[in-house]
Structures are given as structure tokens and as C-alpha cells.
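Data block below; observations after.
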Amino acid sequence: GAPQTRTPTGAATGAPSTANGQQGEFLTTSQGARLRDTDHSLKAGPRGPILLQDHHFREKITHFDHERIPERVVHARGTGAHGVFTGYGAEEITRAGFLRKGKETPVFVRFSTVLGSRGSADTVRDTRGFATKFYTDEGTFDLVGNNMPVFFIQDAIKFPDIIHAAKPHPDREIPQAQSAHDTFWDFVSLHTEAQHHTMWNMSDRGVPRSFRMMEGFGVHTFRLVNAAGETVLAKFHWKPKLGVHSLVWEEAQLIGGIDPDFHRRDLYDAIEAGAYPEWELGLQVFPDTPEETFAGIDLLDPTKIVPEELAPVQPVGRLVLNRTPTNFFAETEQVAFHLGHLVPGIDVTNDPLLQGRLFSYVDTQLTRLGGPNFSQIPVNRPHAPVNDMLRDGFHQDAVHAGVAPYRPNSLDGGNPFTAGDAEHAFLDVPVTVTEAPKIRANPVSFDDHFSQARLFWLSMSPTEREHIIRAYTFELGKCYHQAIKERQLRCLATIDPVLCARVATGLGLPAPEPTEPPADVRPSPALSQVGREWPTD
Ligand code: HEM
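Quick note, the sequence shown lines up with residues 57 to 593 if you use full-length UniProt numbering.
In C-alpha cells, the structure reads:
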């Protein structure tokens, strides 16, 4: 039988393909018949109604009527660029080929805000997405991160809840971002695991100066495996060559009005001027112990960082963005990232946020991109040969030959082989799954919600603290419900009394006493059992 391989081609390999775009010099119908006139519909006389038989009119209008696809349910507002990643060598910790010294891999990066719609302003206070697609020889690897190292929630089952709380009100459809929002502050003051991420949002990190001046974080801990089968736990970091810079709030507001496209314009202008944005990819590496902790910090808790003083970031490669997309819709809008796009040498952990994300991305893309074949869209096509036994479905672009794809298969020698060797195949690391009962609960270590928010606050300079105080005051000042402001002030009291007092003064409210154990007596999960015995009033 004939081989059933689908040859990877398309825009992502280099200069964008316009093969299916415009060909020839004459205007035609979608079927290639030359057109004489596209400016007048076919009518029953110059003053008559349009005739149903006007197939050109109907084709043109029908296609236009269906030009829009749903925007992303989150991260709808974004902009992207192509580039190249060069590895520095990391064979000791992972066998991932794209990290080998000198190895060059094409990439596509999409930066985004989280909460605004497609047409919202760039400079709002929000988390920024930093998603990278590495088109490696061993399959596509997606690093779907943010510009902040922690997340609002610990378990993916809470994701619809936090997003519902932060998106515009159901009745008024305001606001665009998480600012000025009773439901947002209601959520984060009731779900205190969100306090650490919220502190990052209220800091200058929430208003980046430029995508070129943002850090990126994989957030979760991943499991890396080398050629000898040895594993480590690791966190991914992007460090911008230009350093980390932010707008001040007044600048962000002015720019939001004057140039809502400020960040995407900045990215395109820089690349087109030859000032290519650059980042180094780095890894924080931890021993793969059964406890999955480091320095008392639970590595499966996505609301926690590991301070770089304790685990320095080791550079493993360099990213340069050097080409803007030819077509925003084809590339930036249709790109589909997924945490399950892993390559040999990189595996997942049991972080309950990561585990849920492994389900969510493909599921949402099935709707957003209209069926199961979106990996055939040029920007999503792997650069490694694909031979996947997946067949048919909406928007199938491949013409597969041979008999039915299944294995083993005695009728068709063209059916694909599995890589029997450990050298070339993706291997799931055979970690032991503990013999614990099924349970809807978090580890006790996840109960520490405040110590790292406090760590962050204490690490800020006086100017940065002033900005944080003003951000909390401004945003909470927009809440209509006093009880929500008071509850959030109690959270701030637990983080730091000075922060709380200053924000309370700004809001014209009394500063409350902390209601949780002081953060500094609960610095690590090891102490969280002790923390549980503290009085809660
Ligand atoms: C989209 C990051 C948590 C569901 C995105 C994007 C980024 C991102 C960067 C934009 C991708 C793009 O540019 O196309 C993160 C990070 C998370 C997180 C860093 C936590 C550490 C979650 C969770 C869920 C989720 C817990 C659901 C359980 C989605 C969905 C999209 C999305 C549905 C839209 C994808 C699409 O339409 O293509 N996320 N996310 N995310 N995220 Fe997450």
C-alpha cells in the first residue's frame, strides 16, 4: 500500500505561503472563473431588485458573513511574531533536542492580555500571556506561559469561576479588564490562594512597558528527563535582554486612550526596524524527590515561586523574534497552543492546574477553530514529519492513501511504525502514582496563601510599594460593595499591616486586624499544619 504520511509544508517553515491566497492577475470566483464586474449586483434592470441567481453576489456576501470566528475565551487580545530559538546545551538535564548547543529551531510567539476582548486596549492592568511554539525536529513543543510566575488558583476546576468573576459583568458588560470590578475582588478575597497573583497584578508587573521588556514563566513545575532516563523537576523562565520595564499607571491610562494598540505597534515597529526582541530561556532545576518540594516549597502549587536566591535560573537558550506575521488572522488568530504539545525529554507533573490545562486547550480549540483538524492550519503544522492515523473530520486538508489506518495491520505495509527505541520516542516518565483514595481535596501544603504575597511585598523598593498601594486603592475604590473592600482589606492586613493601613486610608475605611495567622509564622508548607491551629477570629 501507499505510505500514509502527510508531508509538513506551509507558512511556518519560512516565508509565508500564499499558494491558496492570491494567484494570477485576474479577479476570479472562488472556483477560478474570471470576473468582469464585482462592483454591481445582478438586478432586474438598473432600478430593479437583486436576482437570486446572482451567484457571484451570493458567494461574496456569504463568505463575508462567515469571516469571523469566536475570539479566545481568555487571552483574546494578542499579537504574535516569528523567530528563532538557539540552544545552549542542556543534555545533563533533558534529552530535548532543541536545547542542544547551537541547535536552531523556528518559533512563533503570541503575547496577550487575559481578560479583555479582541478589540480591547493593550496597556490595561492585567496578566500578560507569553506563549511560544517551538517547531522542533522531534515534534512541536508549546511553552504556554504568562509574564507572572504564579497563578490565581491551585486547581483547574476553579478556572471558569475566576474567569467568570474577572470578565465583564453579565448585565453591563463592563469593565474590560480586572480593574474596577466587584466580582473580581469578591473572588480574590474569598479565595485567598489568589492573593499572591493579585499582588503581582497590582504591582508594576501588571502594566508592562513593552512585550519586549517582559519576563515569561511556565508557572508549573515540569519533569525533565535526560538520555540516561534520569529526571529532575524544573520551572521555565524567559529573561528579556532589554530588562523588565513597566509603565506608570498614569502613562498606561493615557496611552490606553491615545494608542490602544501601543504594545502590538511597539512589537511590529521594533522587528521591522531590525531591533529584534530577545530573551534567554532559563531553567530552575530541583531534585525529583517523592515529596516534590524544594526548600519546603511545594513544587506542585502554582501559587508559589521558588526564590531565585535558592534556585538560580540556568540559561539554556536564546530566542530572537525577527519576522512579523504576514496575515494576522492566518497566523496570530489561528495559532493553537496546548500544554500537551510535549517533546521527548519534557514531561508534566501532577500540578492540578497543569493537569486541567492538558484538557482545556484542545477542547476550546475544537470550537474556536471549527473541528478537529486545526493542526493542519499552516501556523500550527509541525515541522517534524506527521504520520498520526487521525482521519477525516471538518476541514480535512490531507488526502490520505492506503487502507484503513490501524495497527498492527496485515493488509497494508504502509501503516506507520511505532518508534520501538527509547532514543527517538516520547516516553511518559513512569512516576509512581500513590495508592491514595480518590478525593476532592488539596494537599495541606496548599493552605499557605499569604507567606509568598508577603515575600513579594517585602522585596519591593519604596517606589514600587507606593505604586502597589495606589493600585489597590484605585482598583478597590471602584467597587460598589463596601463589604468586599473590607474583606480585601482584611487580606491585606494579613499580608502586611502598613500596606493595609495605607490602602484603608485611601479608601476612607478603618484598617482591620488580620484574620489569618501572621504570614511570617507560616513560611513553608511544613508549618501549615501548625497554622491550622491558629484562631481564626
Ligand atoms: C489561553 C496561559 C491556566 C484555559 C491561554 C493563553 C495563555 C495561557 C498564554 C493564550 C494562548 C494564545 O496566545 O493563543 C495560561 C497560564 C495558566 C493558564 C500561564 C496557568 C498557569 C489556564 C487554565 C485553564 C486555561 C487553568 C483551564 C482549565 C485556557 C483557554 C485558553 C487559554 C481555554 C484559550 C485557548 C485558545 O482559544 O486557543 N492560557 N493559562 N488556562 N487558556 Fe490558559
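Cβ atoms here follow ideal geometry from the backbone N, Cα and C, with glycine treated the same way.
Tell me which residues share the same chain as residue i and place their Cβ nearer than 6 Å to its Cβ, disregarding the 5 neighbours each side in the sequence.
i, result
"Trp305", "none"
"Gly312", "Ala177 and Thr179"
"Ala236", "Any reading at Ala236 needs caution, since the residue's pLDDT is 49, under 50, leaving its predicted position unreliable; the model's value is listed next. Result list for Ala236: Lys534, in chain order."
"Pro486", "none"
"Glu160", "Val140 and Thr142"
"Val399", "Ala152, Thr192, Glu194, Gly195 and Phe197"
State the start and end residues of the unbroken alpha helix (DSSP H) segment that holds residue i.
i, result
"Leu323", "Phe318 to Glu328"
"Glu522", "Pro518 to Gly533"
"Lys541", "Gln538 to Ile551"
"Tyr462", "Run containing Tyr462: none; DSSP gives neither H nor E here."
"Gly352", "Per DSSP, Gly352 belongs to no alpha helix (DSSP H) and is neither H nor E."
"Tyr417", "Pro408 to Arg424"
"Arg184", "Arg184 -> not in any alpha helix (DSSP H); beta strand (DSSP E) instead, spanning Arg184 to Thr192."
Compute the distance between the beta-carbons of residue i and residue j, then report whether it is under 8 Å.
i, j, result
"His225", "Val170", "no"
"Leu339", "Val376", "no"
"Asn436", "Ala392", "yes"
"Ala152", "Gly401", "yes"
"residue 28", "Ile213", "In the structure displayed, the chain extends from 57 to 593; residue 28 sits before or after that span and is not available."
"Met270", "Phe186", "yes"
"Phe278", "Thr359", "no"
"Glu569", "Ala549", "yes"
"Ala137", "Thr380", "yes"
"Gly426", "Gly449", "no"
"Arg261", "Asn202", "no"
"Lys291", "Glu336", "no"
"Asp357", "Ser501", "yes"
"Ser173", "Arg184", "no"
"Met258", "Tyr528", "yes"
"Tyr417", "His394", "yes"
"Glu148", "Asn282", "yes"
Between residue i and ligand 1, is the CB less than 7 Å from at least one heavy atom?
i, result
"Gly139", "no"
"Arg228", "no"
"Tyr332", "no"
"Ser515", "no"
"Gln390", "no"
"Val275", "yes"
"Asn202", "yes"
"Val244", "no"
"Pro358", "yes"
"Arg128", "yes"
"Leu409", "yes"
"Gln421", "yes"
"Ser501", "no"
"Gly185", "yes"
"Tyr191", "no"
Terminal residues of the continuous beta strand (DSSP E) containing residue i?
i, result
"Ala137", "Gly134 to Gly143"
"Val165", "Glu160 to Thr169"
"residue 605", "Because the chain here runs from 57 to 593, residue 605 falls outside it and cannot be looked at."
"Val288", "Thr287 to Pro296"
"Leu395", "Note, Leu395: premise wrong, no beta strand (DSSP E); not H, not E."
"Leu377", "Gln370 to Arg379"
"Glu249", "Premise fails: Glu249 is in no beta strand (DSSP E) and is neither H nor E."
Please list, in chain order, all residues of the same chain as residue i whose beta carbon is under 7 Å from its beta carbon, the five residues on each side excluded.
i, result
"Gln251", "Val244, His505, Phe506, Ala509, Cys547 and Ile551"
"residue 30", "Shown here, the chain extends from 57 to 593; a query on residue 30 therefore has no answer."
"His253", "Met204, Val206, Phe207, Phe208 and Thr359"
"Thr488", "none"
"Ile230", "Pro224"
Who are the near neighbours of residue i in its chain, counting only those whose CB is closer than 8 Å to its CB and skipping five residues on each side?
i, result
"Thr94", "Leu83, His112 and Lys116"
"Trp513", "Met255, Arg521, Ile524, Ile551, Asp552 and Leu555"
"Glu328", "Thr380"
"Asp211", "Pro408, Leu409, Gly412 and Asn498"
"Arg526", "Trp305 and Gly562"
Quiz item: Just checking, does the segment 108-117 make contact with the segment 349-362 on the three C-beta pairs under 8 Å criterion?
Solution: Contact between the segment 108-117 and the segment 349-362 is absent, because fewer than three Cβ pairs lie under 8 Å.
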